[in-house]
Amino acid sequence: GENVEQHPSTLSVQEGDSAVIKCTYSDSASNYFPWYKQELGKGPQLIIDIRSNVGEKKDQRIAVTLNKTAKHFSLHITETQPEDSAVYFCAALAYSGAGSYQLTFGKGTKLSVIP
Amino acid sequence: GAVVSQHPSWVICKSGTSVKIECRSLDFQATTMFWYRQFPKQSLMLMATSNEGSKATYEQGVEKDKFLINHASLTLSTLTVTSAHPEDSSFYICSAREAGLDQPQHFGDGTRLSIL
Numbered sequence: 020g021e022n023v024e025q026h027p028s029t030l031s032v033q034e035g036d037s038a039v040i041k042c043t044y045s046d047s048a049s050n051y052f053p054w055y056k057q058e059l060g061k062g063p064q065l066i067i068d069i070r071s072n073v074g075e076k077k078d079q080r081i082a083v084t085l086n087k088t089a090k091h092f093s094l095h096i097t098e099t100q101p102e103d104s105a106v107y108f109c110a111a112l113a114y115s116g117a118g119s120y121q122l123t124f125g126k127g128t129k130l131s132v133i134p
Numbered sequence: 469g470a471v472v473s474q475h476p477s478w479v480i481c482k483s484g485t486s487v488k489i490e491c492r493s494l495d496f497q498a499t500t501m502f503w504y505r506q507f508p509k510q511s512l513m514l515m516a517t518s519n520e521g522s523k524a525t526y527e528q529g530v531e532k533d534k535f536l537i538n539h540a541s542l543t544l545s546t547l548t549v550t551s552a553h554p555e556d557s558s559f560y561i562c563s564a565r566e567a568g569l570d571q572p573q574h575f576g577d578g579t580r581l582s583i584l
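Residue numbers (the working numbering), protein chains in the order written: chain C, 20 to 134; chain G, 469 to 584.
Here it is as structure tokens:
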């Protein structure tokens, strides 16, 4: 099955600096890679996603890059703000058998933005 | 944007009680719904996947008689934790997706279950 590795597990940055979180996946057939932000006591919120037919996608201060050959994708947050502090999860969609597809999640990165 | 509503947000009950958690897709039809369990400072662990009108598919190690899942309509799925015990205390999160693999998966805000 799919395996997703996420690094780093914790990340502290100064307000205004950039933050980068990296993930690798094992199943070359995976073709959809979402990123979720989870604040304390809440469910994950989809912030950006990318499909395998593109290499980069940007939405204001957030961008995601994908390298299918190397099987890794990254989340980039520019001009970080205190409200960006949360746990971020990457995921990859892969076939799980019996006609089903499911997301496999990384272990999460706790981002702290220091004012 | 797509909204998934989950209730209740927090439940405290005595050991042996059965607890039902509801998950609703408010502005889209959720062909597929997922139930996850999350322990503190850990990632999401998929418990089961359900398609509307079909029996849920449980992940290995998840007791189907303990965690009853019903997905009777395109907007509602329920998870019932039967005869709950302290070890069932956890954060349970539902997720929903429209038909088609190109559709994103959206999550509810979770239910914190505490069994005394």
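Backbone N, C-alpha and C define an ideal beta-carbon position, used for all residues, glycine too.
All values derive from a computational prediction rather than experimental measurement.
Chain-ordered neighbours of residue i on chain G, where CB pairs are closer than 9 angstroms
i, result
"C/LEU85", "Within chain G, no residue comes near C/LEU85; the closest Cβ sits about 16 angstroms away, beyond 9 angstroms."
"C/PHE108", "SER511 and LEU512"
Cross-strand partners of residue i (DSSP beta bridge)
i, result
"C/ILE40", "C/LEU94"
"G/MET513", "G/ARG505"
"G/PHE535", "G/VAL549"
"C/PHE108", "C/TYR55"
"G/ILE480", "G/SER582"
Residues near residue i by beta carbon distance below 7 angstroms, same chain, minus five either side
i, result
"G/ASP495", "ALA470 and VAL471"
"C/TYR114", "ALA48 and TYR120"
"G/TRP503", "MET515, ALA516, ILE537, LEU547, TYR560 and CYS562"
Bounding residues of the beta strand (DSSP E) (the contiguous stretch that carries residue i)
i, result
"G/PHE575", "573-575"
"C/LEU30", "29-33"
"C/PRO131", "Just to set this straight, residue 131 of chain C is Ser in the shown sequence, not Pro. First-last of the beta strand (DSSP E) with C/SER131: 128-133."
"G/SER558", "558-565"
"C/GLU24", "23-26"
"C/LYS76", "75-78"
"G/GLU445", "Nothing can be reported for residue 445 of chain G: it is not among the residues displayed for chain G, which extend from 469 to 584."
Listed by chain order, chain G residues near residue i by CB distance under 8 angstroms
i, result
"C/PRO53", "PRO572 and GLN573"
Sequence-distant residues of its chain with Cβ nearer than 6 angstroms to residue i (five each side left out)
i, result
"C/ILE40", "LEU94, TYR107 and THR128"
"C/LYS56", "GLN64, ILE66, ALA105 and TYR107"
"G/SER493", "VAL472, THR543 and ALA564"
Chain-ordered chain C contacts of residue i [CB-CB under 9 angstroms]
i, result
"G/LEU569", "ASN50, TYR51, LEU112 and TYR120"
"G/GLY576", "GLY62"
"G/THR548", "Result: empty, since nearest Cβ-Cβ is about 19 angstroms, beyond 9 angstroms."
Beta-carbon contacts of residue i that lie in its chain and below 8 angstroms, excluding the five residues immediately before and after
i, result
"C/ILE67", "PRO53, TRP54, LYS76, ASP78, ILE81, ALA82, VAL83 and LEU94"
"C/GLU34", "THR99, GLN100, PRO101, VAL132, ILE133 and PRO134"
Contacts that residue i makes with chain C (C-beta to C-beta distance below 8 angstroms)
i, result
"G/GLY521", "Those within 8 angstroms of G/GLY521 in chain C number zero; the least Cβ separation is about 15 angstroms."
Chain-ordered chain C contacts of residue i [CB-CB under 7 angstroms]
i, result
"G/THR517", "SER119 and GLN121"
Beta carbon proximity, residue i to chain A, threshold 8 angstroms
i, result
"G/THR543", "Protein chains C and G are contained in the structure displayed, whereas chain A is not."
Mind checking the segment 118-130 of chain C against chain G and listing, in chain order, the residues whose C-beta falls within less than 9 angstroms of any C-beta there?
SER119, TYR120, GLN121, LEU122, THR123, PHE124, GLY125, LYS126, GLY127 and LYS129
To be precise: take each residue of the segment 65-96 of chain C, compare its Cβ to all Cβ atoms of chain G, and keep it if any distance is under 7 angstroms. Which residues remain?
LEU65 and ASP68
Residues within the segment 477-510 of chain G neighbouring chain C, beta-carbon criterion of under 7 angstroms
none
Which residues, taken in chain order from the segment 552-563 of chain G, show a beta carbon closer than 9 angstroms to some beta carbon of chain C?
PHE559, ILE561, CYS562 and SER563
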